[in-house]
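Encoded as structure tokens, the structure appears first; notes follow it.
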Ligand SMILES: NC(=O)c1ccc[n+]([C@@H]2O[C@H](COP(=O)([O-])OP(=O)(O)OC[C@H]3O[C@@H](n4cnc5c(N)ncnc54)[C@H](OP(=O)(O)O)[C@@H]3O)[C@@H](O)[C@H]2O)c1
């Protein structure tokens, strides 16, 4: 049975059950950055959560402590986060199965964004998997492991580790557009793409979001972010904290020290201030870090902070 929360948090009151409605709204309003609407039926908190860190070491196999991973996801939802980023190739399958264990049946407010276009090989590599049958199977695997009838958003992941690879993406994107027509996907997105590839995809079907490598120290997509903002399309930076190489610089440290904050908080707050269409999906396997990230992103950066941080931009 669902009971309303008096504390303004989303409360889990039984296996897989959450109090919703007014309490969700109250929790969401408390999150830094507010919300962003990617499509008529798709509004998410700009403060989201990236689930990649929940699998085992190197995003391969199960985590050492599955209960801790479940706790992170439940805390994210209790804090009011409604945007969870994942992929069935994290683990593989493991991260999605943990999401399902932690949150299914999902509160109506929660939106899970997944991606397809790669596999894991026996060595833990990430080979591309863009053939039509591979894409269809990846969507079916996401549905099965997340326990859903339709996926809110599927990003087509192309390109290299941290930058787009030139070339047409029409063929694989058309496959996803077909799966959308079949009702298995509600909205489409792209990952690790150039402006030209985005335009090519938009000639086939609308896109709701773009997920590329971007952070306070890596700003190659500045023009792209502005262009997407003008179109109402979300820009979702991966590696917002530096990913496998945590952000570190004297300038970031100096701004953080001046504001009595952590470099992580400055990096997240900078992204929220950079453009209203930027959505955050910092990854963590720790409840404490999750809470730090949510509270830290509320920081306000002044012009002199922004000027100092501009010097580390690449
Ligand atoms: N589209 C793509 O190709 C792509 C590629 C990579 C990632 N992604 C998505 O983007 C999300 C974010 O990227 P990411 O997780 O790789 O990198 P990230 O968010 O830049 O950084 C994650 C790292 O920062 C640490 N961390 C997080 N919060 C911290 C805190 N408050 N204090 C200290 N350390 C902290 C985490 O360790 P702890 O676990 O110890 O907190 C982890 O090692 C992923 O989860 C995934 O969903 C997408």
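Residue numbers (my numbering): 12 to 325.
Glycine is no exception: its CB is placed at the ideal position from the N, C-alpha and C atoms.
In this text, all values refer to a predicted model and were calculated from it rather than measured experimentally.
* Expected contact under 8 Å - CB spacing of residue 162 and residue 197 to nearest Å -> 7 Å
Residue range of the beta strand (DSSP E) that residue 283 falls in? Taken as a continuous stretch (DSSP letters only), residue 283 belongs to no beta strand (DSSP E), being part of the alpha helix (DSSP H) at 274-285.
key: Beta-bridge pairing of residue 200 - partner residues as DSSP gives them   = 166 and 220
**Report entry** Straight-line gap, residue 51 to residue 306 (C-alpha atoms, nearest Å)
**Finding:** 28 Å
query: Between residue 102 and residue 71, what straight-line distance do the alpha-carbon atoms span, to the nearest angstrom?
result: 4 Å
Cβ of residue 64 versus every heavy atom of ligand 1: is any distance shorter than 6 Å?
yes
For the alpha helix (DSSP H) holding residue 300, just list the boundary residues, first then last.
-> 298-307
Practice problem: Measuring alpha carbon to alpha carbon, tell me which of 301, 267 and 227 ends up nearest residue 88. | Solution: 301
Q | For residue 226, three-class secondary structure by DSSP | A | strand
Mind checking whether the beta-carbon of residue 328 lies closer than 6 Å to any heavy atom of ligand 1? Residue 328 lies beyond the stretch modelled for the chain, which goes from 12 to 325, so this question has no answer here.
Practice task
Name, in chain order, the residues that DSSP records as bridge partners for residue 96.
Solution key: 61 and 124
Discussion item. In the DSSP output, which residue or residues are listed as bridge partners for residue 372?
Written reply: Nothing can be reported for residue 372: it is not among the residues displayed for the chain, which extend from 12 to 325.
Problem - Rounded straight-line distance, which links the Cα of residue 271 to that of residue 309 - result: 13 Å
*Are the beta-carbon atoms of residue 288 and residue 250 separated by less than 7 Å?*
no
query = Do residue 290 and residue 59 have their C-beta atoms closer together than 7 Å?
reply = yes
Residue 107 vs residue 97 beta-carbon contact at 7 Å
yes
Rounded separation between residue 269 and residue 41 - CA only:
25 Å
Ordered along the chain, which non-local residues of its own chain (more than five positions away) have a Cβ less than 8 Å from that of residue 212? 167, 180, 181, 184, 199, 201, 204 and 218
From the DSSP output, in three-state form, read off residue 114 for me. helix
query = Cα separation between residue 55 and residue 95?
reply = 9 Å
Are there 16 or more other CB atoms within 10 angstroms of the CB of residue 76, so buried, or fewer, so exposed?
exposed
| task | Rank 174, 146, 279 and 232 by C-alpha distance to the C-alpha of residue 165 and give the top, closest one. | result | 146
Inter-residue Cα distance where the pair is residue 173 and residue 65 = 21 Å
Alpha carbon to alpha carbon, what distance is there between residue 284 and residue 135?
36 Å
Q. Beta-carbon separation of residue 122 and residue 156 under 7 Å?
A. no
Within 10 Å of its beta-carbon, does residue 151 have 16 or more other beta-carbons around it, so buried, or fewer, so exposed?
exposed
Report task. Compute the Euclidean distance between the alpha carbons of residue 209 and residue 262, then round it to the nearest angstrom. Result -> 33 Å
Review point. Going by alpha carbons, who is nearest to residue 239 out of 178, 258, 206 and 125?
Key: 206
Fill in: Where residue 289 falls: helix, strand or coil (DSSP)
strand
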